[in-house]
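Residue numbering for the sequence shown follows this note's numbering, beginning at 979 and increasing consecutively.
Every residue gets a Cβ at the ideal spot worked out from N, C-alpha and C, and that includes glycine.
All values derive from a computational prediction rather than experimental measurement.
Below is one structure, written out as structure tokens; comments come after it.
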Amino acid sequence: MSGRGAEGLRYLLNGAFATLVHFAVLWACLEWLLISSAGLSSPAASLVGIAVSFFGNRHFVFRRQDGAIWLQARRFLMLYAAIALLHGSVLFVWTDLLQLPYLVGFGLAVALQVVLGYLGGRFLVFAPVGEGNPSVES
């Protein structure tokens, strides 16, 4: 498998793992800690899932430990905040304005999220030095 193909596969595996961790924390909050609100449990689970995704992308997917971790983390959070807003906007337009099935809109939004997450990670957050990424430790 080519370098980019292997990187893409690692990206999908990391995303699946981060999603499982996100769900496991949500489940633990609801079932073990007996927090009665999924709405209150979800932000904590999301933060853990995002952290797992960040470190997985940094060390496993893109293998860019040479960049300044705080700059990478800030870019990662900004990227995923923008993707979350896009995801919500796609669902709003697709489902609320166009009155189309939300499951299809969700699928489209997730497909955009996967593509933009990979491209943003590869070329913005974890870009090798010299490819427009000055985020090296001083």
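| Check | Outcome |
| --- | --- |
| Burial state of Q1050, where buried means 16 or more other Cβ atoms lie within 10 Å | buried |
| Beta carbon proximity, M979 to chain C, threshold 8 angstroms | The chain inventory of the structure shown lacks chain C, comprising one protein chain alone. |
| Whole-Å CB distance - L1086 paired with V1107, under 8 angstroms assumed | That pair is no contact at about 35 angstroms. |
| Cβ shell of E1115 (< 8 angstroms), same chain only, five flanking positions each side left out | With a pLDDT of 43 at E1115, under the threshold of 50, the modelled position of that residue is not reliable, and the figure given next carries that caveat. The answer, listed in chain order, is D1044, G1045, A1046. |
| Where the alpha helix (DSSP H) containing M1056 begins and where it ends | 1047 to 1069 |
| Length of the line joining the Cα atoms of G1027 and L1055 | 12 angstroms |
| 6 angstroms CB neighbourhood of V1003 in its chain, flanking five on each side removed | A1023, V1026 |
| Start and end residues, alpha helix (DSSP H) containing I1013 | Element bounds for I1013: n/a, residue is neither H nor E. |
| Beta-carbon proximity check, G993 vs S1020, cutoff 8 angstroms | no |
| Bounding residues of the alpha helix (DSSP H) (the contiguous stretch that carries L1090) | 1080 to 1098 |
| L1078 vs W1072 beta-carbon contact at 8 angstroms | yes |
| Run of the alpha helix (DSSP H) containing T997, from where it starts to where it stops | 981 to 1009 |
| Three-state secondary structure assigned by DSSP to D1044 | coil |
| Local Cβ density within 10 Å of V1039, reported as buried at 16 or more and exposed below that | buried |
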